Amino acid sequence: MRWRIGIDVGGTFTDLVAIAGDGGTVMAKAASTPADQSLGVLAGLANLAAALGVGLDELLSRTEHIIHGTTVATNALLERRGARVAMLTTQGHRDVVEMREGLKPDRYNLRMAPPEPLVPRHRRIPVAERLRADGRVETALEAPALNAAIAAVGEADAVAICFLHAWADPRHEATAAAALRAARPDLFVTASHEVLPEIKEFERFSTTAVNAYVGPVVARYLGRLAGRLAEAGYQGAVFVILSHGGVAPLADAARLAVGTALSGPAGGVAAAVALSAMGIGGELVTFDMGGTSTDIASITQGRATLGRGREVGGEVIALESLDIVTLGAGGGSIAALGPDGRLQVGPRSAGARPGPACYGRGGVEPAVTDANLVLGFLSAGNFLGGAQALDLPAAEAAMAALAGRLGIAPLDLAAGIFRLVNARMADGVRVATVRRGIDPRAATLLAFGGAAGLHASAVARDLGMKRYAVPLLAAGLSAWGMLRTDLRYEVTRSVSVAEGVPPAATLAALYARLEDEARQKMAEWFHGPIDTTRSASMRYGEQVFEIKVGLDGLDWTRGDADEQARQAFHAEHQRLFTYQLPEDEVVLVSARVAALGRLGGAAGYFSRPAMTAPGARRVFLGGAWREVAVHGFFDFQPGRRLEAPAIVESSTTTVLLAAGEFVEFDPRGWLMVTIADG
Amino acid sequence: MDPVTLAVLDNRLRAIVEEMGEAMLRTSYSQILNSSRDFSVAICGAEGDLVSQADHIPVHVGALPSAVQAVLAQFPAPRPGDIFLLNDPYDGGSHLPDLTILLPVFADGERCFFTVVRAHVSDIGGGTHGGYNPAATDIWSEGVRIPPIRLGEDGGLRDDLIRLLCANTRLPRDVRGDLMAMVGAARTGAARVEALLAQHGRDGLLAVVDAILGLSEAHARRIVAAWPDGIWQGEAVLDDDGHGRENITIRATCTKRGSDLTIDLSGSDDEVAGIVNSSRPNMLSAVAMAFAYLLDPEVSKNAGAFRPLSVIAREGSIVWAHEGKPVTLCTSHPGNEIVEAIIRAMQHCCPERAMGGWGRRFRVAIQGRSATGRKFVWHLFHARPGGGASAAGDGFNTAGEWHSAGGLKFGSVEQAEARFPLLFEAHEFRANSGGLGQYRGGTGAELRLRVESHGPALANTAGDGVRHGSAGMVGGPDGMPHAYTLLGADGAVRELRSKEVGVPVQPGDVLHLLSSGGGGWGDPGKRAEVAKQSDLRDGYTA
């Protein structure tokens, strides 16, 4: 028996999934260990081995590969605990990252101190060098100037090399990087053309600065993880899932550490893509609700959308990444009175420490999980299969304190918190769908993560969605998703800024070259089947923003590839913005090829969650206490219509079903609920 | 009122205006909108009360109620499917480049709301490209005036009117595209509000809106009531009007009693010949903006929050010009000086809330031909002035002016160099420019821009603040004022005034622009030693 293992480190729990060669799938979890996530990973692996009934060494010696989602980079940014970074940058332009193009957050707050830049000004070292937009040298990079700049780096852990127009020609950056790496092998060195070889200096420099800031931290962590795994006897490959949803080997993930900033939620999106391929049906909207945040993304025609220009911890990261909407609200979000006396849920969260009041770790303010417990939706003794005991009196006390200040009954407050958080989630889904031109009513809401099951029905109804689905794996779905994605390596080249699309022959040759490069790199990582996909960033002449246009459908042999590319752009612009300007000049700004290594392996089948014994529970619904039935996932035969609300509970999640819904357990591993009209 | 329903609907109304804003950002055609974000959106009540707005350009939003009122004065009985447009500063608008689209929203046959989108278009006709004509001495030289008109009915648009408008701008395609984006955003908002009305009923939703406004009013009043009662005065001085009038003074008398604040601007100087007069809606908006800045940032910017505020002004003064006077610069100037005069007065009432002055706008537009012979027009958004310091700490560097407060974005230097015959030799913080109080004003910038046009080019300027720096507050010094010069390739040095047209620029000339720093806050003697050291180390001071 050979296993593949997915490991998803969340804020509260580390979830693991192992799929055996025959598809047998087992799940385990352990408490996350924020100070060193690799400890929780190892504890989780031990639990996984126990669940499989083998020793840890046996599990590891028979594991093909491990795919890992980590929040180390994200946390370093959010908590501002990254490396000491210096920057070598073009003389006369050392303030690009601090100017932030003139933008300031929080428009009406004119009494706030500016954030500390990731690279303080005195560590932004000017270098006498300058290129033009067409790559011509305006000021040559001379050795004395470079050596002086390198000497000025002094005490630092990492250096970002950010020169103007390195997107057009990387020679100055490459020279500086080579000299710096030779002179200071102790430093993490990263250059902007290696990170994001594209025009727009703020986005490129900021992304590179973030890479330097999180690079040493991520590299240290991944090194520690590899060390612990090796000690435990593991000799296979470790891959890390990146913000774009593909995976990369450990060493490459460490080099482009900024690419792991969305590693955490990427597994959930990968899972949704995989479920879509398995035929879950229709468009999907992921609804991954955890303790402190909720991630929402849409899957259209079996694909996740990618976007640019994401901010994490206030820092701009312009790499292509999954278009995930993250809400600062989850099960741990705290309900409180706002400054104007309005009831608010979030953005403050009880997090893992102290956690909601019902965790019994000293939390005294009511959180969403407390409301769900007080309302009877959660069972004090069987929350996440008993992974966390819940203290009902503590939740009730927290609820009563706030209800008193609002002048309403504690139960009404709990019901209000439930309603309010549902409405916020629905607004988040609107942002991820309606605002991106997707009609949610035609999609299925895919609810997973520990907390989503209780809110899925209400959120789907608010949006007029007809179906929601809750996978059996629930909290473990993201870890499973990691095992269903591909290795991905991207190569990008800037092509033109001001003028048109290159002639067909030039364009075809360029893409062929990029494809060779991408394939070669992928072949170093992986010996299985490799696919490639081509795209371009394009815009109309006078526009500022490019859009991504897929070019896989082009006939490259026809000799009019440039015209085909233009047509593809017009069509995509029409689709996105409802209009096109066929008479306007089209500019192909950059060309991109991604190589995909298909990891393959069985999809897996999860059949072993402990189910709550069928029974009944008192819940507060519609303003009154009532008794509702409690079921396991497997109790639902096709076409069963619920006469009354009901609860479904397993060791991975709890689901609240409403009256009138048709509920069916799909043997491929999920509960599919259809909301009848009215 | 059920607090949960209230909270749910309050969030929903906010989500709707944010969605409208997102639609604008993604679909607008001109760079000033999709890149620099010079637009605002709101939901207003049936009579114009501001109900909900997204955080875009502060100086737009207090003016939107005037737009609704102007529409209603002209069309007392709007019908479902009507689409209104205006820009006339003497009939509901602020200044001509700002177009405003308004859609009434109905339930049970009764008008309940308007969705409103205001956006700055790239060109609105008039004597110079780009909307700012410092040579203008009347509004007809500034562009085309649009009083409230019915641009469409039954949901359809009047293409003849759109063609009329487009025929009067130098950039018809941009203006048409932007107008479509505005209508689209307003329609999106209207559809969402209609859904809310259907779900909660007309009376239900209106009751909730009343309650939301009531809570915001109470919130604002709680803050104001905590300040001492009294009467305070402050003034701010404009450099000039570009036609010989210098030191034009805006005077604010602020009377605070209980939870009410009255701002009296009637002591301000008389209106002038040039473009620094204000329209009445813009003046009201600037006062509302100053008040909002003094409150907590969490206070919702709606009609309720502004109820404690009364405004007194005199028609014929610089802040409220007679019909026909030129006003194009007013959203910047005297908009910024109105805010500055009020904050200067209020620093004596609530010093912890008064912030050092933000920068003044000083724009440059260059037109010429590139090496390929192609015509270009380039607008300066770089070299932003610094933000003001406050009791919370130093100001934001290069975050801009009072009227946008970090909401306007300058574009990429690389992209500008790739598309225009320009070389940005340097673009960095300007040392010593921020007022060095207990907290330092944000630094301005130093820009050295070499013009490499094919043949001579022409520059226009529009702005203020060459002689008057951003105001220091509570004992903090002013920021350094702007200093713009044109360094001729032949060695000639020309100081640029803030209101010039037709400045000749030769290939190889360098624009050397030093933008103002923000005003300092608090006694300079109290600046922490460690802050002084780190300023020196980082070169914010030298």
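Each protein sequence line maps, in turn, to chains A and B.
Numbering follows the numbering used here, with no gaps: position 461 of the first sequence is 728.
Numbering follows the numbering used here, with no gaps: position 372 of the second sequence is 442.
Glycine included, C-beta positions come from ideal geometry on N, C-alpha and C.
In this text, all values refer to a predicted model and were calculated from it rather than measured experimentally.
Which residues DSSP lists as bridging ALA206(B), in chain order: The residue labelled residue 206(B) in the question sits at position 136 within the second sequence. Note: ALA206(B) sits in no beta bridge, so no partner.
Give me the subset of the region 465–481 of chain B whose CB atoms are less than 8 Å from a CB atom of chain A, sorted by chain position. GLY465, PHE466, ASN467, THR468, ALA469, GLY470, ALA475, GLY476, GLY477, LEU478, LYS479, PHE480 and GLY481
As assigned by DSSP and simplified to three states, the class of ILE563(A): Counted from its first residue, the first sequence places residue 563(A) at position 296. Correct three-state label for ILE563(A): strand.
Hey, GLU550(A) and ILE566(A): beta-carbon distance below 9 Å or not? Locating residue 550(A) in the first sequence gives position 283, where the first residue counts as 1. Locating residue 566(A) in the first sequence gives position 299, where the first residue counts as 1. Contact flag set, yes.
Please check if any C-beta of chain B sits within less than 9 Å of the C-beta of LYS815(A). Working through the first sequence from its first residue, we reach residue 815(A) at position 548. It does not; no Cβ of chain B falls within 9 Å.
Put MET550(B) into one of helix, strand or coil per three-state DSSP. The residue labelled residue 550(B) in the question sits at position 480 within the second sequence. MET550(B): coil per DSSP, three-state reduction.
When the Cβ atoms of the region 378–394 of chain A are set against those of the region 333–352 of chain A, are three or more pairs found closer than 8 Å? yes
Go ahead and pull the three-state DSSP assignment for ARG488(A). The residue labelled residue 488(A) in the question sits at position 221 within the first sequence. At residue 488(A) the sequence reads Tyr, which differs from the Arg that was named. Looking at TYR488(A) - three-state DSSP - the assignment turns out to be helix.
Unbroken alpha helix (DSSP H) run spanning PHE361(B), endpoints: One-based indexing of the second sequence puts residue 361(B) at position 291. Looking at the DSSP string, the run of the alpha helix (DSSP H) that includes PHE361(B) is 350–364.
CA-to-CA distance, LEU267(B) to THR338(A), given in whole angstroms: Position 71 of the first sequence holds residue 338(A). Position 197 of the second sequence holds residue 267(B). Roughly 42 Å between the two C-alpha positions.
Taking only beta carbons into account, state which residues of the region 354–381 of chain A come closer than 9 Å to chain B, listed in chain order. GLN358, GLY359, HIS360, ARG361, ASP362, VAL363, GLU365, MET366, ARG367, GLU368, GLY369, LEU370, LYS371, PRO372, ASP373, ARG374, TYR375, ASN376, LEU377, ARG378, MET379, ALA380 and PRO381
Just to confirm my understanding: we take GLU422(B), look at its own chain, exclude 5 residues before and 5 after, and list those with CB closer than 6 Å. What are they? As a position in the second sequence, residue 422(B) is number 352, starting the count at 1. For GLU422(B), where only same-chain residues beyond five positions count, the Cβ hits under 6 Å are ALA461.
State the Cα-Cα distance for the pair PRO242(B) and ASP273(B), rounded to the nearest angstrom. Counted from its first residue, the second sequence places residue 242(B) at position 172. Counted from its first residue, the second sequence places residue 273(B) at position 203. For PRO242(B) and ASP273(B), the distance between alpha carbons rounds to 43 Å.
Hey, out of ASN376(A), LEU431(A), ALA418(A) and GLY336(A), whose CA is closest to GLN358(A)'s CA? Taking the first residue of the first sequence as 1, we reach residue 358(A) at position 91. That would be LEU431(A), whose Cα lies nearest to the Cα of GLN358(A).
Touch test, the region 308–319 of chain A against the region 399–416 of chain A, Cβ-Cβ under 8 Å, three pairs minimum: no
Would TRP428(B) and GLY589(B) qualify as a contact pair, given that the criterion is a beta-carbon distance under 9 Å? For the purposes of this step, residue 428(B) is identified with residue 358 of the second sequence, where counting begins at 1. For the purposes of this step, residue 589(B) is identified with residue 519 of the second sequence, where counting begins at 1. For TRP428(B) and GLY589(B), yes; Cβs fall inside 9 Å.
Close Cβ partners of ARG907(A) (< 6 Å) along its chain, the five nearest in sequence each way excluded: In the first sequence, counting from the first residue as 1, residue 907(A) sits at position 640. Hits under 6 Å: VAL930.
Could you name the residues of chain A that ALA189(B) contacts, counting a contact when the two beta carbons are closer than 8 Å? Here residue 189(B) refers to the residue found at position 119 when the second sequence is read from its first residue. The premise fails here: ALA189(B) is roughly 16 Å from chain A at the closest Cβ pair, so nothing lies under 8 Å.
Take every Cβ of the region 594–612 of chain B, pair it with every Cβ of the region 509–522 of chain B, and state whether three or more of those distances are shorter than 8 Å. yes
If we cut at 9 Å on Cβ distances, does GLY581(A) have a partner in chain B? Your numbering for residue 581(A) matches position 314 in the first sequence. It does not; no Cβ of chain B falls within 9 Å.
For PRO617(B), does the count of other Cβ atoms within 10 angstroms reach 16, so buried, or fall short, so exposed? Lying outside 71 to 612, the shown extent of chain B, residue 617(B) is not represented and no answer is given.
Closest to GLY300(B) by CA distance: which of SER211(B), ALA415(B), ALA360(B) and SER380(B) is it? Numbered from its first residue, the second sequence carries residue 300(B) at position 230. Residue ALA415(B) is the option with its Cα nearest to GLY300(B).
For LEU79(B) and HIS126(B), I'd like the C-alpha separation in whole angstroms. On the second sequence, position 9 is the one that residue 79(B) refers to. On the second sequence, position 56 is the one that residue 126(B) refers to. If you take the alpha carbons of LEU79(B) and HIS126(B), they lie about 21 Å apart.
Would you list the one or two residues that DSSP bridges to CYS400(B)? One-based indexing of the second sequence puts residue 400(B) at position 330. Partner(s): none; CYS400(B) has no beta bridge.
For a contact meaning CB atoms closer than 7 Å, what does HIS432(A) contact in chain B? For this step, residue 432(A) is matched to residue 165 along the first sequence. Neighbours of HIS432(A) on chain B, chain order: GLU484.
Take ARG226(A) and list the residues in its own chain whose beta-carbon comes closer than 6 Å to its own, dropping the five residues that flank it on each side. With chain A represented from 268 up to 945, any question about residue 226(A) goes unanswered, as that position is not in the structure.
Neighbour flag for VAL339(A) against chain B, beta carbons, 9 Å: Within the first sequence, the letter at position 72 stands for residue 339(A). So, not an interface residue.
Name the chain B residues whose beta carbon is nearer than 9 Å to that of ARG621(A)? Walking along the first sequence from the start, residue 621(A) turns up at place 354. The residue asked about is misnamed: residue 621(A) is Pro in this sequence, not Arg. Those within 9 Å of PRO621(A) in chain B number zero; the least Cβ separation is about 24 Å.
Alpha carbon to alpha carbon, how far is TRP747(A) from ALA988(A)? Give it in angstroms, no decimals. Chain A is shown only over 268 to 945; residue 988(A) falls outside these bounds and no answer can be derived.
Please return the same chain residues whose Cβ sits closer than 8 Å to the Cβ of ARG500(B), not counting the five positions on each side in sequence. Within the second sequence, residue 500(B) is the residue found at index 430, counting from 1. So the qualifying residues of the chain are THR513, GLY514, ALA515, GLU516, MET550, LEU584, SER585 and GLY587.
For CYS236(B), name the three-state secondary structure that DSSP assigns. Within the second sequence, the letter at position 166 stands for residue 236(B). If DSSP states are grouped into helix, strand and coil, CYS236(B) belongs with the helices.
Can you tell me whether SER98(B) is buried or exposed, with buried defined as 16 or more other CB within 10 angstroms of its CB? The sequence position of residue 98(B) within the second sequence is 28, counting from 1. SER98(B) comes out buried.
Taking the CB atoms as reference points, tell me whether LEU542(A) and GLY526(A) lie closer together than 9 Å. Start at 1 with the first residue of the first sequence, and residue 542(A) comes out as number 275. Start at 1 with the first residue of the first sequence, and residue 526(A) comes out as number 259. No, the pair does not count as a contact, with Cβ atoms beyond the cut-off.
Using a cut-off of 9 Å between C-beta atoms, extract the partners of GLY458(B) located in chain A. By one-based count along the second sequence, residue 458(B) stands at place 388. Simply LEU377.
Segments of 4+ residues assigned as alpha helix (DSSP H) that fall wholly inside the region 371–456 of chain A: 410–419 and 438–450
Anything in chain B within Cβ reach of LYS467(A), meaning under 8 Å, just list it in chain order. Numbered from its first residue, the first sequence carries residue 467(A) at position 200. The answer, in chain order, is SER482, GLU484 and GLN485.
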